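Here's the structure, in structure tokens; my notes come after.
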Amino acid sequence: MDLLRHFINGMSLGSIYAIIALGYTMVYGIAKMLNFAHGDVIMVGAYVCFYAVSRYKLPPFVGVALAVLLCTILGIIVERLAYKPLRQAPSLAVLITAIGVSYFLQNTALLLWSSNPKIFPSIIKRASIKLFGGQLSISHITILTIVTCVLIMIVLNLFVNKTRLGKAMRACSEDKGAALLMGINVNATISMTFAIGSGLAAIAGALLCSAYPTLMPTTGALPGIKAFTAAVFGGIGSISGALLGGLLLGVIEIFAKAYISSQLSDAVVFAVLIIVLLVKPAGLLGKMTQEKV
Numbered sequence: 000m001d002l003l004r005h006f007i008n009g010m011s012l013g014s015i016y017a018i019i020a021l022g023y024t025m026v027y028g029i030a031k032m033l034n035f036a037h038g039d040v041i042m043v044g045a046y047v048c049f050y051a052v053s054r055y056k057l058p059p060f061v062g063v064a065l066a067v068l069l070c071t072i073l074g075i076i077v078e079r080l081a082y083k084p085l086r087q088a089p090s091l092a093v094l095i096t097a098i099g100v101s102y103f104l105q106n107t108a109l110l111l112w113s114s115n116p117k118i119f120p121s122i123i124k125r126a127s128i129k130l131f132g133g134q135l136s137i138s139h140i141t142i143l144t145i146v147t148c149v150l151i152m153i154v155l156n157l158f159v160n161k162t163r164l165g166k167a168m169r170a171c172s173e174d175k176g177a178a179l180l181m182g183i184n185v186n187a188t189i190s191m192t193f194a195i196g197s198g199l200a201a202i203a204g205a206l207l208c209s210a211y212p213t214l215m216p217t218t219g220a221l222p223g224i225k226a227f228t229a230a231v232f233g234g235i236g237s238i239s240g241a242l243l244g245g246l247l248l249g250v251i252e253i254f255a256k257a258y259i260s261s262q263l264s265d266a267v268v269f270a271v272l273i274i275v276l277l278v279k280p281a282g283l284l285g286k287m288t289q290e291k292v
């Protein structure tokens with residue numbers, strides 16, 4: 000029974016990683032940029048949801064919707080001000096800018112909300128579901144997290160493969176120059192990619208803080224790094240890879256905490272990543288590509 004409980008908890012944590020990893024994988028797949036400020040967008044979304052629910056007594060779904068809206072706008076602003084001028088710049092310049100944006104968001108959060116930990120209210124306040132005569136207990140937030148992840152993946156896959164904007168995103172991912180010649184607004188497409196990724200980060204922030212309720216300006220840093228690891232694990236640039244990488248990472252982390260050591264769990268996760276990349280450098284579902292230089 001402990002094995003099943005750890006597996007369910009791992010799926011729940013992995014679902015959060017998968018939702019966050021989508022932001023990394025979409026931006027990289029289309030804009031070929033690594034947005035390391037993505038973890039701090041998670042933190043902003045969590046704080047917006049926290050104040051909406053705790054201070055202004057709004058319903059939880061309204062708080063989440065407000066967080067999604069504000070983080071979507073934040074994603075567009077960050078892309079326009081920080082990343083758009085660097086489209087043709089070396090990747091190192093983009094990386095340094097992303098780190099600078101991350102520090103800017105963290106320190107702005109410190110000024111606005113202080114460094115004092117805040118206890119995030121649970122989105123769902125119902126008792127856990129008891130199974131097998133009470134031997135297995137599953138919280139409603141665990142179920143909500145897994146279901147939300149699955150729904151997001153289904154909707155996002157349909158969006159990318161069936162809609163006009165989704166096709167524009169795939170075209171920009173293949174060749175921005177050719178997409179521009181075909182009449183696609185590349186700048187608007189990339190901005191929309193940042194907007195979608197940031198909106199998903201807000202959802203992930205609310206789910207993360209409902210499961211692990213301590214909220215601080217650095218809340219999104221470690222989950223953001225682990226979600227990036229999940230994106231690389233599954234194959235960065237692949238939506239299905241983000242799902243697979245996130246779920247596997249969450250399960251590995253929970254089992255490592257349970258059966259090895261809670262202090263060594265992160266080391267185990269990154270060790271597994273290194274082994275996978277040594278065997279399959281493009282990730283589990285990634286594709287090897289050759290670039291002409």
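Using numbering that gives the first Met the number 0, you'd call the opening residue of the sequence shown number 0 and step up by one each time.
Think of the CB as a built atom: it goes at the ideal place given N, C-alpha and C, for glycine as much as any other residue.
All figures in this text were calculated on a predicted structure; none of them were measured in a lab.
key: Three or more C-beta pairs below 8 Å linking the region 99-112 and the region 229-243   = no
message = To test your reading of the DSSP string, which unbroken beta strand (DSSP E) runs of 3 or more residues are found completely within the region 49-137?
response = The region 49-137 contains these whole beta strand (DSSP E) runs: 128-130 and 135-137.
7 Å Cβ shell around I75 - same chain, five flanking residues per side excluded = Walking along the sequence shown from the start, residue 75 turns up at place 76. These residues qualify, in order along the chain: S190, F193 and A194.
message = Between which residues of its own chain and L57 is the CB-CB distance below 8 Å, once the five residues before and five after are set aside?
response = Residue numbering aside, residue 57 sits at position 58 when the sequence shown is read from its first letter. Spatial neighbours of L57 in its own chain (CB-CB distance under 8 Å, excluding positions within 5 residues in sequence) are listed in chain order as A51 and L65.
task = Locate the alpha helix (DSSP H) running through S14, then write down its first and last residues.
result = One-based indexing of the sequence shown puts residue 14 at position 15. D1 to A30 is the extent of the alpha helix (DSSP H) around S14.
inquiry  = Would F131 and P212 qualify as a contact pair, given that the criterion is a beta-carbon distance under 8 Å?
reply    = Indexing the sequence shown from 1 puts residue 131 at position 132. Indexing the sequence shown from 1 puts residue 212 at position 213. No, Cβ-Cβ distance for F131 and P212 is not below 8 Å.
message = Helix, strand or coil, according to DSSP, for L179 in the structure here?
response = Within the sequence shown, residue 179 is the residue found at index 180, counting from 1. Helix, per DSSP.
Burial state of D39 (16 or more Cβ within 10 Å) = Translated into the one-based positions of the sequence shown, residue 39 becomes position 40. Result: buried.
message = With a threshold of 8 Å between beta-carbons, can V250 be considered close to chain C, or not?
response = Note that chain C does not occur in the displayed structure, where there is just one protein chain.
query = Which one of L3, N156 and I273 has the shortest CA to CA distance from L135?
reply = Counted from its first residue, the sequence shown places residue 135 at position 136. Residue L3 is the option with its Cα nearest to L135.
inquiry  = Taking the straight line between their C-alpha atoms, what separation do you get for L243 and I122?
reply    = Here residue 243 corresponds to residue number 244 of the sequence shown, with the count starting at 1. Here residue 122 corresponds to residue number 123 of the sequence shown, with the count starting at 1. L243 and I122: Cα-Cα distance of roughly 26 Å.
inquiry  = Taking the alpha-carbon of I153 as reference, which of A45, M10, P280 and L21 has the nearest alpha-carbon?
reply    = By 1-based counting over the sequence shown, the position of residue 153 is 154. Nearest C-alpha to I153: L21.
task = For F60, count neighbouring C-beta atoms within 10 Å of its own C-beta (all shown protein chains included) and say buried if the count is 16 or more, exposed if not.
result = The residue labelled residue 60 in the question sits at position 61 within the sequence shown. F60 comes out exposed.
ask   = If we call anything under 8 Å between Cβ atoms a contact, is L12 one with G196?
value = Within the sequence shown, residue 12 is the residue found at index 13, counting from 1. Within the sequence shown, residue 196 is the residue found at index 197, counting from 1. No. Outside cutoff.
inquiry  = Considering Cα atoms alone, identify which of K117, I183, Q87 and T141 is closest to M32.
reply    = Your numbering for residue 32 matches position 33 in the sequence shown. Measuring from the Cα of M32, the nearest candidate turns out to be Q87.
request  = Name the two residues that bound the continuous alpha helix (DSSP H) containing D174.
outcome  = Sequence index remark: in the sequence shown, residue 174 carries index 175 (1-based). Where D174 is concerned, there is no enclosing alpha helix (DSSP H), because DSSP gives it neither an H nor an E.
query = Buried or exposed: where does P216 fall if 16 or more other Cβ atoms within 10 Å of its Cβ makes it buried?
reply = On the sequence shown, position 217 is the one that residue 216 refers to. It counts as buried.
message = Below 8 Å on the Cβ atoms is my contact criterion, and I expect V275 with L283 to pass it. Report the Cβ-Cβ distance as a whole number of Å.
response = The count along the sequence shown starts at 1 and reaches residue 275 at position 276. The count along the sequence shown starts at 1 and reaches residue 283 at position 284. Their Cβ separation, rounded to whole angstroms, is 7 Å, which keeps V275 and L283 in contact under 8 Å.
key: Stretch pair the region 155-168 + the region 221-229: three plus CB contacts closer than 8 Å   = no
key: Own chain residues within Cβ distance below 6 Å of G62, not counting five before or after   = As a position in the sequence shown, residue 62 is number 63, starting the count at 1. So the qualifying residues of the chain are C48, A51 and V52.
ask   = Relative to the alpha-carbon of G133, which residue among M181, H139, N115 and M0 has its alpha-carbon at the smallest distance?
value = Numbered from 1 along the sequence shown, position 134 holds the residue referred to as residue 133. When each option's Cα is compared against that of G133, the closest is M0.
message = Let's see if you can read the secondary structure: which residues bound the alpha helix (DSSP H) around F269?
response = Here residue 269 refers to the residue found at position 270 when the sequence shown is read from its first residue. Start and end: S264 to V278.
key: Beta-carbon proximity of V185 to A178, cut-off 8 Å   = On the sequence shown, position 186 is the one that residue 185 refers to. On the sequence shown, position 179 is the one that residue 178 refers to. Against a cut-off of 8 Å, the Cβ pair of A178 and V185 comes out as a contact.
query = Pick from I15, G9, M10 and F6: whose alpha carbon is nearest that of C208?
reply = Stepping through the sequence shown from its first residue, residue 208 is reached at position 209. Closest option to C208, Cα to Cα, is I15.
query = Exposed or buried, Y258, counting other C-beta atoms within 10 Å across all chains shown (16 or more means buried)?
reply = Position 259 of the sequence shown, counted from the first residue, corresponds to residue 258. The residue in question, Y258, is exposed, as its Cβ has fewer than 16 Cβ neighbours within 10 Å.
message = Please identify the residue among I72, T147 and V77 whose C-alpha is closest to the C-alpha of I98.
response = The residue you call residue 98 lines up with position 99 of the sequence shown. Measuring from the Cα of I98, the nearest candidate turns out to be V77.
key: For L284, three-class secondary structure by DSSP   = Position 285 of the sequence shown, counted from the first residue, corresponds to residue 284. Coil, per DSSP.
key: Contacting residues, own chain, Cβ-Cβ under 6 Å from F227 (five flanking each side not counted)   = On the sequence shown, position 228 is the one that residue 227 refers to. These residues qualify, in order along the chain: Y23.
inquiry  = For D174 and I140, I'd like the C-alpha separation in whole angstroms.
reply    = Within the sequence shown, numbered from 1, the residue matching residue 174 stands at position 175. Within the sequence shown, numbered from 1, the residue matching residue 140 stands at position 141. For D174 and I140, the distance between alpha carbons rounds to 41 Å.
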